[in-house]
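Participant:
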Amino acid sequence: MKKECIAMLLAGGQGSRLHALTDKAAKPIIPFGGKYRIIDFPLSNCANSGVDVVGVLTQYQPLHLNSYIGNGQPWDLDLQRGGAYILPPYQSAGAKGEWFSGTANAIYQNIDFIEMWEPEYVLVLSGDHIYKMDYSDMLRQHKANKADCSIAVLRVPLEDASRFGIMEVGEEGYISKFVEKPKVPESDLASMGIYIFTWAKLREYLIADENDPSSDKDFGKNIIPSMLSAGEKLWPYRFSGYWRDVGTVQSLWDANMDMLSPTLINLYDRSWPIRSRSPIKPPHYVGENALIENSILTEGCDLRGRVQNSVLGNSVTVFEGAAVLNSVLMPGCVIEMGAVVQYAIIGENARVGSGAVVGSPPNGEDSWGITTCRPDSHIPDGTIVSPGAMIYSNREVKK
Amino acid sequence: MIDLHGIIYAYHSDPALNELVVHRTSASLPFCSRYRLIDFALSAMTNAGVRDVGVIMQNNYQSLLDHLEGGKDWDLSRGSGGLSLLPPYGLHDSSFGRYNGCMSALYAIRSYIADIRQDNIVLYRSDLAVNLDLKEAFRSHVSSDSVITAVCAEKVNNCTSGFCFLSGENSRSNQMVFAPYGQEGLSSMEVYIIRKSVLISLIDWCRANGKIHFHRDALAHYLENGGTIGLYRHTGYCAQIASITDYYSASMDMLTQSLKSELFPKNRPVYTKGRSSVSTYYAKEARVRNCLIADGCYIEGKLENCIVFRGVRVKQGATLKNCIIMQDAIIGENASLECVISDKETVFSAGLVLTGSSKLPITVPKGKII
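Protein chains in written order, with the working numbering: chain Y, 628 to 1026; chain V, 28 to 397.
If you want it as structure tokens, here you go:
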């Protein structure tokens, strides 16, 4: 079947900098912003942009990711002619099965899947960014430029630029230089990890890269630089809306807190809905003595205590006398009587015992950080968990 | 697989629901922040493992169609069986597609009933707020070898239109009485499990004799001829919603934890149509006490004892007390509402004051801008 453009969504990464939160599930399905999971953003963007074939490349801890995506129905990707496809690493005839060794290798191993759709263009996305983007506009520009590759770019403060892949753009408007995480950045145009390739070109480079034993099989490190040095036309696609990478505990917390400022990213916009697979739960209940301020609540919650400046997923219970401040509570958490949770991220179905104190406000010390508790962990009654700590079930790991 | 087929009557609009049923039937009346009444019937079927469900509709069913879609939210979108929508297709005579009574509605779908692959059928009202354990009711139907089982409510919350059964030996009844004030017998929830062959013969008997009512005609005829009815007692919450006051009081019941957990027990979830929306945002000024609130709302005002549906916006300084506010309503700055039932997509202007009472709540029709 013929499709002009299909998407390949890289969702196999471990997200190792999130440690405790990702030790049982891949980063793209970490709950986010109350109602969502990270992968909802690229999936919804695809559906809203009219990209209706999405190959989701999975590798690390795929169980929850697979069942979350299922048949793609929440994103209108349950189609007879197209839809969402889970693409795990596989064993091929005569050969031993192979893990995806890098982002480029993951796409390489799925050349057969891509060719099923005879696409002109392939959109390569990653599953760890929060943003709304119309990929069809990017595709329009890619075609108008007759580009071989288009890379979505965003202006970032120069002092942060060394955390990103940085692009320099020549007078003709196309990319003249690409440096992955430069020590001394010479430009403030950062790659957002969103690429559109003309498929025939990408195919060529993927095969060449696969045959290069010294390559890391990575888009940013190998494919893009070799296309540039061969003189292919790589164009920037400038994006100016909200975009956040949520690869670290701090950035995940920051981006969740951004959701408390609905002016930063408008999720109420019905013309660009971000959809999610959410369990059908009764409405949330706010009790007689509860206090809820500047917070996000989701269905199924039962709140009797104090919640301020926090983001709560579905089915969170906050007992009377408990306080949740400046924190992210993932679905199913229970905060018992008198417990205080501050500047923390609490994983799914974790339980904070009564009188426990988790985290503290910034105190100026270098060791301070957001406290995280692993999904399903149980903080015993009265325990004090210091700021920046990361709780793996009952083992406490100091930062 | 359970040998039970579901038929839901969804064609009825209780006139005492006034403005709330102008654009819909009782079956699609929004309830408890995110549900429609028919969700309780459909979820009871799904939770019991019923695979095939027919929904009888007659007119004013656009909102119901929109809600049910193909039945996927109840796992009833199936290649074989699943949800069947039954508009009045089988009436050839002078009734002009209108059902005068339950038996004429069943007659209109007689060919559908004849083709049902199960031997038992549950006839289900769709104006009940009840979480029935249909699996248990069916087990009782089978184990007592009943031809007809009536589901009765133990706890009557304005339930039933008055038919009660006098219990005889072994929880069976051969006597039906009309006792609208619950004076005697067990109140029927008007949910019946009945053998398919018996239902068809009752439909045919009613047709031949010009009878149209289920209780007065069909059941009475069955009992007169020596039939007995098995009784299954439902012990949890049950409210029949036949008027604005019923609706208001059943809604407010949900603010009582014990009643809410009877209607939404963990082991029998209530499914409804999903709607993608964001979580609800509470601003710094928000003050909320004893409320049920759905997703997608934006709350800056003060709410007490309210049931709030999806996508409602309560602006700064607005005060809501004892109100039911349906989907996508906007409450303007400093508006003050008490005992108001607002239908969907209404707008209350800034500073507006509306005060009803719990006995006579003010009902604001869909889309009204005040």
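Yeah, the Cβ is synthetic: ideal placement off N, Cα and C, and Gly gets one too.
Pick from V:His-168, V:Phe-192, V:Val-80, V:Gly-98: whose alpha carbon is nearest that of V:Asp-142?
Facilitator: It is V:Val-80.
Participant: Could you tell me how far apart the beta carbons of V:Ser-303 and Y:Ser-903 are, in whole angstroms, since I believe they sit closer than 8 Å?
Facilitator: Indeed, because the Cβ distance is near 7 Å, the residues count as touching under 8 Å.
Participant: Thinking C-beta only, is Y:Pro-716 closer than 8 Å to Y:Gln-686?
Facilitator: Cβ distance < 8 Å, so Y:Gln-686 and Y:Pro-716 count as in contact.
Participant: The alpha helix (DSSP H) that contains V:Ile-230, what's its start and end?
Facilitator: Where V:Ile-230 is concerned, the enclosing alpha helix (DSSP H) stretches over 223 to 235.
Participant: Mind pulling the chain V residues with CB within less than 9 Å of Y:Ser-777?
Facilitator: By Cβ distance, chain V contributes nothing, its closest Cβ being about 29 Å from Y:Ser-777, past 9 Å.
Participant: By DSSP, does Y:Ile-657 sit in helix, in strand, or in coil?
Facilitator: The answer is coil: DSSP assigns Y:Ile-657 none of H, G, I, E or B.
Participant: Mind listing the chain Y neighbours of V:Lys-311? Cutoff is C-beta to C-beta under 7 Å, in chain order.
Facilitator: Ordered by position in chain Y, the residues that pass the 7 Å Cβ test against V:Lys-311 are Glu-920, Asn-921.
Participant: Which residues does DSSP list as the beta-bridge partners of V:Lys-329?
Facilitator: DSSP lists V:Arg-314, V:Thr-346 as partners of V:Lys-329.
Participant: Could you run through the region 926 to 959 of chain Y and flag, in chain order, every residue whose CB is less than 7 Å away from some CB of chain V?
Facilitator: Of all residues in the region 926 to 959 of chain Y, Glu-926 have a Cβ within less than 7 Å of some Cβ in chain V.
Participant: Output the distance between the C-alpha atoms of Y:Lys-1025 and Y:Gly-640, rounded to the nearest integer angstrom.
Facilitator: The predicted position of Y:Lys-1025 is uncertain, since its pLDDT is 42 and thus under 50; no value can be drawn from it.
Participant: Work out the CA separation of V:Arg-63 and V:Ile-358 for me, nearest whole Å.
Facilitator: Distance between the alpha carbons of V:Ile-358 and V:Arg-63 is about 23 Å.
Participant: Distance check for V:Glu-163 and V:Cys-233, CA to CA, integer angstroms please.
Facilitator: Cα-Cα distance, rounded: 30 Å.
Participant: Residues of chain V with CB closer than 7 Å to the CB of Y:Ile-972, please, in chain order.
Facilitator: Near Y:Ile-972 there are no residues of chain V at all, since even the closest Cβ is about 16 Å away, more than 7 Å.
Participant: With a threshold of 7 Å on Cβ separation, who are the neighbours of Y:Pro-812 within its own chain once the five nearest residues in sequence on each side are excluded?
Facilitator: Here the set comprises Leu-785, Ala-788, Ser-789, Ile-793.
Participant: With DSSP collapsed to three states, give me the class of Y:Ala-647.
Facilitator: Note: Y:Ala-647 maps to helix in three-state DSSP.
Participant: In this structure, does DSSP put Y:Lys-1025 in helix, strand or coil?
Facilitator: Its pLDDT being 42, under 50, Y:Lys-1025 is placed unreliably in this model, and the coordinates cannot settle the point.
Participant: Rounded C-beta distance between V:Leu-229 and V:Ala-245? I'm assuming under 8 Å.
Facilitator: At roughly 4 Å, the Cβ-Cβ gap stays under 8 Å, so V:Leu-229 and V:Ala-245 are in contact.
Participant: Runs of 3 residues minimum, wholly inside the region 955 to 1023 of chain Y: which ones carry the beta strand (DSSP E) assignment?
Facilitator: DSSP runs (the beta strand (DSSP E)) wholly in the region 955 to 1023 of chain Y: 967 to 969, 971 to 973, 998 to 1000, 1017 to 1019.
Participant: Who are the Cβ neighbours of V:Gly-108 in its own chain at under 6 Å, not counting the five residues just before and after it?
Facilitator: Here the set comprises Arg-78, Asp-79.
Participant: In whole angstroms, what separates the C-alpha of V:Met-28 from that of V:Asp-231?
Facilitator: Answer to the nearest angstrom: the Cα atoms are 29 Å apart.
Participant: Quick one: which chain V residues come within Cβ less than 7 Å of Y:Lys-662?
Facilitator: Neighbours of Y:Lys-662 on chain V, chain order: Val-305, Ser-306, Asp-322.
Participant: Y:Leu-887 and Y:Asn-941 look like a contact to me (Cβ under 8 Å); what is the Cβ gap, rounded to whole Å?
Facilitator: In fact, because the Cβ distance is near 18 Å, the residues do not count as touching under 8 Å.
Participant: Between which two residues does the beta strand (DSSP E) containing V:Ser-147 stretch?
Facilitator: Here residue 147 of chain V turns out to be Asn, not Ser, going by the sequence shown. Per DSSP, V:Asn-147 belongs to the beta strand (DSSP E) from 147 to 152.
Participant: Thinking just about the alpha-carbon of each residue, which of Y:Lys-828, Y:Glu-831, Y:Phe-846 is nearest to the one in Y:Met-819?
Facilitator: That would be Y:Phe-846, whose Cα lies nearest to the Cα of Y:Met-819.
Participant: Skipping 5 residues on each side, what residues in its chain have a beta carbon closer than 6 Å to that of Y:Leu-636?
Facilitator: Correct list, in chain order: Pro-669, Val-681, Val-683, Leu-752, Gly-754.
Participant: With 8 Å as the threshold, decide whether the Cβ of Y:Ile-907 is near any Cβ in chain V.
Facilitator: Judged by the 8 Å Cβ criterion, Y:Ile-907 is in contact with chain V.
Participant: Below 8 Å, how does it come out for the region 875 to 884 of chain Y and the region 30 to 46 of chain V: are there three or more Cβ pairs, yes or no?
Facilitator: Contact fails: fewer than three Cβ-Cβ distances are below 8 Å.
Participant: Run down chain Y in chain order and give the residues with a C-beta less than 7 Å from the C-beta of V:Ala-298.
Facilitator: According to the sequence as given, residue 298 of chain V is Tyr; it is not Ala. Ile-907, listed in chain order.
Participant: If you pair each beta-carbon of the region 45 to 61 of chain V with each one of the region 1000 to 1014 of chain Y, do three or more pairs fall below 8 Å?
Facilitator: Too few Cβ pairs lie closer than 8 Å, so no.
Participant: Which bits of chain V does Y:Arg-902 rub up against, with CB to CB less than 7 Å?
Facilitator: Residues of chain V passing the Cβ test: Ser-303.
Participant: Consult DSSP for V:Ala-177 and reduce its assignment to one of helix, strand or coil.
Facilitator: Strand at V:Ala-177.
Participant: Would the beta-carbon of V:Glu-196 fall within 8 Å of that of V:Val-204?
Facilitator: No.
Participant: Just checking: is the beta-carbon of Y:Leu-690 within a distance shorter than 8 Å of some beta-carbon in chain V?
Facilitator: Not an interface residue.
Participant: My output table needs one value for Y:Trp-870: the three-state DSSP class, helix, strand or coil.
Facilitator: The answer is strand: DSSP assigns Y:Trp-870 an E or B state.
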